[in-house]
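Below: one structure, written as C-alpha cells.
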C-alpha cells in the first residue's frame with residue numbers, strides 16, 4: 001500500500017446450491033487483513049464483500065495498487081456461478097481503502113474469456129489510469145499465447161497495438177513501465193532474449209504533466225525551468241484537495257548531494273492553502289543555501305504519503321527521483337573582494353562536547369577530518385578550503401566546546417566565494433534538523449542555535465581608518481613635493497624646526513600616521529611634555545594656523561555622526 005501498510009486479501013464460499021431458509025445467511029465473502037510494517041498487533045479480518053448468493057465459488061484473486069483512484073487497492077475476483085445448468089465465469093472489481101473499507105464494488109464485463117485456452121486473468125493498474133487484464137494459456141494449436149484488455153472504471157475496453165492473442169515463447173515475463181509501456185520478455189533461444197513492447201492507451205493522459213503522477217496538476221518551478229538561486233519557496237498543486245502527512249520532500253543536487261529535507265507535517269517550513277486560499281496547493285520554504293551553485297541541476301523527490309486525499313484521508317503517490325528537475329542560471333563566479341580567508345567559530349552541543357572529550361588524540365583527529373569533509377560537502381566547496389583548528393576552547397556561558405574554522409579563498413574561481421560560503425554554512429547549521437548537517441557522523445554534533453559565527457575581519461572593520469591614514473600621508477607627500485618644486489631655491493627659514501626635525505625623524509613618522517585619524521595630535525609635538533626633546537618642536541605661525549583649521553574641519557565632519565547616533 002502507498003502508506004506503508006500491507007493487505008492480505010482472501011475469499012471463501014460454501015459453494016452450496018441448497019435453498020436456505022433466509023436469503024441473508026452468509027455463503028462466504030471477500031476479506032482483507034491490514035498489516036502495518038514493524039507492528040505485531042494481531043488484526044482481525046475485515047469483510048470487503050459479503051456473499052449471500054447460492055452456487056458461487058471464488059477461483060482466483062488478483063490485486064494491485066491503484067495509481068489514479070483514491071483507493072489503495074484494487075482487486076479482481078474471479079468466480080464461478082454454478083447455480084444454473086451451465087457454469088458461468090464472472091469478474092468482480094473491489095476497491096478498498098487502507099482502513100479496510102470497501103468504497104467501490106462493481107462487476108466487470110464478462111466478455112474477456114473469448115480466447116480459447118486462457119482461463120485466468122490478472123489485473124495490473126496502469127500509471128495513466130485504468131487497468132490491464134492479461135491472461136496466459138495454450139491455444140488449440142498448442143502455442144503459448146497471451147491476451148490483454150485495457151479497461152477504465154466504466155468497463156470500457158480500449159485497444160492495444162498487439163494482436164489478441166499474441167504468441168509467446170514457453171518462458172516469458174511481462175511488466176508495465178512508468179511511461180505506460182508494456183514489455184514482454186521472451187526466451188528466444190538458450191542464449192538470448194527478445195523484447196516485445198507496445199505503448200498502452202493513456203486513459204488519463206490529459207492529467208499528466210511529466211511527473212509520473214496524475215494527482216499533480218502543476219509545480220513551481222516547473223520541470224526543466226531555469227531559476228534564480230535565491231527563490232524562496234516551491235509549490236505543488238494537486239487536482240484534488242489534500243492534507244499534509246508524514247512523508248518527506250527532499251531537494252538534491254544533480255550529484256545526489258542532499259540540500260534540504262522536510263516532512264509534510266513540519267508547519268515551520270510547509271503549509272497548505274495559506275497563500276492560495278485552497279486545499280490543493282502546498283508551499284515549501286527554501287533556504288538561501290539550497291540552490292547556491294550557478295548552472296547546476298537540482299531535483300525534488302516527494303515521498304509517498306507526503307499528502308493525503310482530504311475526502312478519504314488516503315495517502316497519495318509522490319514524485320520519484322530525477323523526474324521533477326530544473327536548473328539554476330549560469331553565471332561566472334567573480335573573485336571576491338580580495339579576501340584570502342574568513343575565520344569563524346562553531347559550537348558543539350552538550351552531547352557533542354561530552355563525546356569529543358571522551359576521544360583520544362587519534363580519534364579526535366578522525367573527528368576533525370570527518371567534520372571537514374561533511375561541512376565541505378554540505379556547503380558545497382572543496383574540502384581543502386576548510387581548515388579546522390585542533391585547539392579547542394570552552395564557551396564559558398554554556399560550558400560547551402568551541403571549534404575555530406578557517407574558510408579559505410577559492411583559487412579555482414569556480415566555487416562560491418568565501419563570504420557566501422560562511423553565510424551558507426551558518427544557515428545549514430542553524431537548520432540542521434532539515435539539512436544534511438543533521439545527518440553527518442560529526443556534523444550532527446554542531447549546535448544549531450549557535451550556527452557559524454564569523455570573527456571580525458581586521459581590514460573590513462578598520463578599512464575606513466586605513467584609507468584615511470593612507471590618504472593623509474599621500475596628501476602630505478604631495479604637498480611637500482609641490483612646495484619643494486614651487487620654492488626650489490628657498491630654504492626653510494625656521495632653523496629651529498629644521499634642526500628638531502633632523503633629530504626626531506622617527507617621531508615625525510609616527511605622528512604623521514596618527515594625524516591621519518586626528519590632525520590635532522600634531523600639537524603634542526610642541527607641548528614640552530615632561531621636558532622631552534621630541535615634544536619641543538617649533539612650529540611656525542603658518543603651520544599652527546593650518547593645524548587649527550584642520551582640527552576645525554574634523555569637528556564639523558563629526559557633527560553628522562553625532563546626530564545619527
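Numbering (the UniProt record's numbering), first residue to last: 1 to 565. Quick reminder that beta carbons are idealized off the backbone N, C-alpha and C, glycines included. Small disclaimer: the values here were computed from a predicted structure and weren't measured.
| Check | Outcome |
| --- | --- |
| Return the residue from the list 309, 171, 363, 429 that minimises the CA-CA distance to residue 68. | 309 |
| When we look at the beta-carbon of residue 324 and count the other beta-carbons within 10 Å, is it buried (16 or more) or exposed? | buried |
| Could you tell me which of 234, 240, 456, 239 sits nearest to residue 250, measuring between CA atoms? | 234 |
| Taking three-plus beta-carbon pairs below 8 Å as touching, is the segment 352-368 in contact with the segment 413-424? | no |
| For residue 383, does the three-state DSSP call read helix, strand or coil? | helix |
| Per DSSP, which one or two residues make a beta bridge with residue 467? | Bridge partners of residue 467: none, in fact. |
| With a threshold of 7 Å, establish whether the CB of residue 379 neighbours any heavy atom of the ligand COA. | Only the bare structure without any ligand can be found here, which leaves the ligand COA out of the picture. |
| My understanding is that residue 427 touches residue 288, with C-beta atoms under 8 Å, so please give their C-beta distance in whole angstroms. | 6 Å |
| For residue 330, I'd like the list of residues in its chain whose CB is within less than 8 Å of its CB, leaving aside the five on either flank, ordered along the chain. | 294, 295 |
| Can you name the start and end residues of the beta strand (DSSP E) that residue 28 belongs to? | 28-36 |
| Three-state secondary structure (DSSP) at residue 321? | strand |
| Under three-state DSSP, which class holds residue 439? | helix |
| State yes or no: is the C-beta of residue 70 within less than 8 Å of the C-beta of residue 312? | yes |
| Please determine, among 344, 315, 201, the residue with the shortest C-alpha to C-alpha distance to residue 99. | 315 |
| Can a CB atom of chain D be found closer than 8 Å to the CB of residue 453? | Within the model displayed, chain D is absent; a lone protein chain is all it includes. |
| Per the DSSP calculation, residue 403 is bridged to which residue(s)? | 346 |
| Evaluate contact between the segment 367-386 and the segment 439-446, counting only Cβ atoms and requiring at least three cross-stretch pairs below 8 Å. | yes |
| By the three-class DSSP mapping on this structure, what secondary structure does residue 137 have? | strand |
| How would you label residue 471, buried or exposed, when you count the other beta carbons within 10 angstroms and need 16 or more for buried? | exposed |
| What's the call for residue 12, buried or exposed, on a 16-neighbour Cβ count within 10 Å? | exposed |
| Please look up how many angstroms separate the CB atoms of residue 145 and residue 175, rounded, as I've assumed it's under 8 Å. | In fact, because the Cβ distance is near 18 Å, the residues do not count as touching under 8 Å. |
| Please go through the same chain and pick out, in chain order, the residues whose beta-carbon is closer than 8 Å to the beta-carbon of residue 333, but skip the five residues on each side of it. | Unreliable placement is indicated for residue 333, whose pLDDT of 49 sits below 50; the coordinate value is still reported in the next sentence. So the qualifying residues of the chain are 294, 410, 413, 414, 415, 416, 417. |
| Three-state secondary structure (DSSP) at residue 80? | strand |
| Would you give the residue range spanned by the alpha helix (DSSP H) that residue 377 belongs to? | 361-378 |
| Around the C-beta of residue 290, are 16 or more other C-beta atoms found within 10 angstroms, so that it is buried, or is it exposed? | buried |
| To the nearest angstrom, report how far apart residue 205 and residue 137 are at their CA atoms. | 32 Å |
| Classify residue 53 as buried or exposed, calling it buried when 16 or more other Cβ atoms lie within 10 Å of its own Cβ. | exposed |
| Can at least three beta-carbon pairs, one atom from the segment 220-230 and one from the segment 264-273, be found at a separation below 8 Å? | no |
| What three-state label does DSSP hand residue 308 in the structure shown? | strand |
| May I ask which residues mark the beginning and end of the alpha helix (DSSP H) holding residue 423? | 418-430 |
| Run through the segment 176-243 for me and flag every whole beta strand (DSSP E) of 3 or more residues, listed as ranges in chain order. | 181-187, 193-199, 216-220, 233-238 |
| My guess is that residue 575 and residue 46 are in contact by the Cβ rule of under 8 Å, so how many angstroms apart are they, rounded? | Any property of residue 575 remains undetermined from this structure, which presents the chain solely from 1 to 565. |
| So, at 8 Å on beta carbons, what are the nonlocal neighbours of residue 434 in its own chain, with the 5 sequence-adjacent residues on each side left out? | 260, 261, 262, 266, 269 |
| Should residue 191 go down as buried or exposed, given a rule of 16 or more other Cβ atoms within 10 Å for buried? | exposed |
| Quick one: grab the DSSP three-state call for residue 283. | strand |
| Could you tell me which of 135, 131, 106, 239 sits nearest to residue 117, measuring between CA atoms? | 135 |
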